[in-house]
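Numbering (numbering that gives the first Met the number 0), first residue to last: 0 to 260. Just so it is clear, CB atoms sit at the ideal spot from N, CA and C, and this is done for glycine as well. Note that this is a predicted model, so its numbers are computed, not measured. Data block below; observations after.
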Amino acid sequence: MVESFTIADSVSNYIQSLRSGKKEAQNDLAKFVRWIGGDRSLVDMSPSELEDYSAKEGSSEPDSSRLKTLRHFLNYAKKNGIVDVNMAIHVKIRRPNKKIRNSTVIHEISRPKLTQDGYSALEVRLEYLQGELLLAAEEVKKAAADKDVRENAPLEAAREHLGKLDAERRELQDTLSTAQIISAEITGGSAHQGGTVKLRDLSNGRTDSWLLVDSREASLADGKLSISSPVGRAVLGFYAGEEFTVDTPGGEVKYKLLEVE
Numbered sequence: 000m001v002e003s004f005t006i007a008d009s010v011s012n013y014i015q016s017l018r019s020g021k022k023e024a025q026n027d028l029a030k031f032v033r034w035i036g037g038d039r040s041l042v043d044m045s046p047s048e049l050e051d052y053s054a055k056e057g058s059s060e061p062d063s064s065r066l067k068t069l070r071h072f073l074n075y076a077k078k079n080g081i082v083d084v085n086m087a088i089h090v091k092i093r094r095p096n097k098k099i100r101n102s103t104v105i106h107e108i109s110r111p112k113l114t115q116d117g118y119s120a121l122e123v124r125l126e127y128l129q130g131e132l133l134l135a136a137e138e139v140k141k142a143a144a145d146k147d148v149r150e151n152a153p154l155e156a157a158r159e160h161l162g163k164l165d166a167e168r169r170e171l172q173d174t175l176s177t178a179q180i181i182s183a184e185i186t187g188g189s190a191h192q193g194g195t196v197k198l199r200d201l202s203n204g205r206t207d208s209w210l211l212v213d214s215r216e217a218s219l220a221d222g223k224l225s226i227s228s229p230v231g232r233a234v235l236g237f238y239a240g241e242e243f244t245v246d247t248p249g250g251e252v253k254y255k256l257l258e259v260e
């Protein structure tokens with residue numbers, strides 16, 4: 000039998016337990032406390048009330064930040080024995096519609112966010128391309144030296160190669176000129192770009208650690224997961240101990256977020 004705590008007291012204890020982000024959590028949960036009644040006992044809260052609040056809050060908060068904070072609080076309440084049942088599962092966070100997802104992708108393309116390592120790697124790649132462009136231009140000149148250009152396959156191939164290199168060079172220059180350098184310290188304890196997450200696939204128990212990065216520096220072989228990938232996009236905003244679902248061509252896959260660094 001758990002001890003009875005008021006919702007207001009439980010929220011206050013939770014906020015005090017946080018190592019960082021106390022002000023943000025207090026602001027996020029204040030609205031919920033006013034809505035549900037802070038003097039009530041936490042154990043008297045019903046699933047339907049949480050679902051109603053989720054529907055109301057989700058319709059006015061596109062990023063659902065308050066709902067994510069609420070879920071983290073309810074996970075804390077279960078973990079610390081304040082309630083017997085984890086009520087966080089009744090806080091439903093709406094997935095952004097296609098229009099919102101597309102606008103997010105457009106914003107990402109126009110203002111890329113890169114780790115320092117990723118930015119440096121692109122600089123190295125750009126320097127390499129500058130040298131390759133000089134060589135490719137020479138190849139075009141050599142191929143063009145053949146006076147009969149009507150069926151000059153080497154010339155066409157050289158021009159195509161030069162065009163591809165030049166297109167990549169321009170794209171890299173645009174990326175580097177607008178990129179924002181990020182680090183793991185720019186956000187709090189939830190999964191975020193620039194942070195490392197440890198995930199468990201609940202369908203098979205497999206555990207992997209990933210650095211969440213921009214699609215431009217993603218490399219599964221190096222443990223760098225794009226935030227535009229299904230898993231990378233889905234985990235953003237969740238806290239250690241929480242579970243989330245990813246839509247895949249083969250159906251839904253559930254993951255548990257074990258750690259955030």
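query, result
"Measuring CB to CB, does leucine 257 end up less than 8 Å from threonine 206?", "yes"
"Any idea what DSSP makes of glutamine 115, helix, strand or coil?", "helix"
"Mind checking who arginine 169 pairs with in its DSSP beta bridge?", "The partner list for arginine 169 (beta bridge, DSSP) is empty, contrary to what the question assumes."
"Where do the ends of the beta strand (DSSP E) carrying arginine 199 lie?", "195–200"
"I need the boundaries of the alpha helix (DSSP H) containing valine 234, first residue and last residue.", "229–234"
"Counting only the same chain and skipping the five closest in sequence on each side, list residues whose C-beta sits under 6 Å from that of glycine 240.", "Asn74"
"When the distance is taken between beta carbons, is glycine 188 closer than 8 Å to tyrosine 282?", "The displayed coordinates of the chain run from 0 to 260. Any statement about residue 282 would go beyond what the structure contains."
"Below 8 Å on the Cβ atoms is my guess for proline 153 versus alanine 142; work out the distance and round it to an integer in Å.", "4 Å"
"Which residues in the same chain as tryptophan 34 place their Cβ atom closer than 7 Å to its Cβ, once the five residues preceding and following it in sequence are excluded?", "Tyr52"
"How is the alpha helix (DSSP H) around glutamate 23 delimited, first residue to last?", "21–35"
"Is proline 46 near the ligand SAM, in the sense that its beta carbon is under 7 Å from a heavy atom of that ligand?", "Inclusion of the ligand SAM in the displayed structure is not the case, the ligand content being empty and no account of it being possible."
"Determine the burial state of tyrosine 127: buried for a count of at least 16 other Cβ atoms within 10 Å of its Cβ, exposed for fewer.", "exposed"
"With which residues is serine 208 paired in a DSSP beta bridge?", "Lys197"
"Using the Cα positions of serine 208 and lysine 223, report the straight-line distance between them to the nearest angstrom.", "9 Å"
"Look at the alpha carbon of glutamate 122 and the alpha carbon of leucine 175, and state the distance between them as a whole number of angstroms.", "8 Å"
"Does the distance from the C-beta atom of isoleucine 88 to that of leucine 66 stay below 8 Å?", "no"
"For the candidate residues Ala217, Glu23, Gly20, Asp38, whose alpha-carbon lies nearest to that of serine 9?", "Asp38"
"Cα separation between aspartate 213 and glutamate 23?", "26 Å"
"With the cut-off set at 8 Å, would you say leucine 211 and glycine 193 are in Cβ contact?", "yes"
"For leucine 133, count neighbouring C-beta atoms within 10 Å of its own C-beta (all shown protein chains included) and say buried if the count is 16 or more, exposed if not.", "exposed"
"Which same chain residues end up closer than 6 Å to glutamate 138 when comparing Cβ atoms and leaving out the 5 residues on each side of it in sequence?", "Ala157"
"Mind checking valine 104: buried by the 16 CB within 10 Å criterion, or exposed?", "Confidence at valine 104 is low in this model, with a pLDDT of 44, below 50, so its placement is unreliable and the value that follows should be read with caution. Its Cβ having fewer than 16 others within 10 Å, valine 104 is exposed."
"With 16 other CB atoms within 10 Å as the buried threshold, where does proline 111 fall?", "buried"
"Kindly indicate the opening and closing residues of the alpha helix (DSSP H) around leucine 257.", "Here leucine 257 belongs to no alpha helix (DSSP H); instead the beta strand (DSSP E) covers 250–259."
"Rounded to a whole number of angstroms, what is the C-alpha to C-alpha distance between glutamine 129 and glutamine 172?", "11 Å"
"Could you spell out where the alpha helix (DSSP H) holding threonine 68 opens and where it closes?", "64–78"
"According to the neighbour-count rule (16 or more other Cβ atoms, all chains shown, within 10 Å of its Cβ), is serine 16 buried or exposed?", "exposed"
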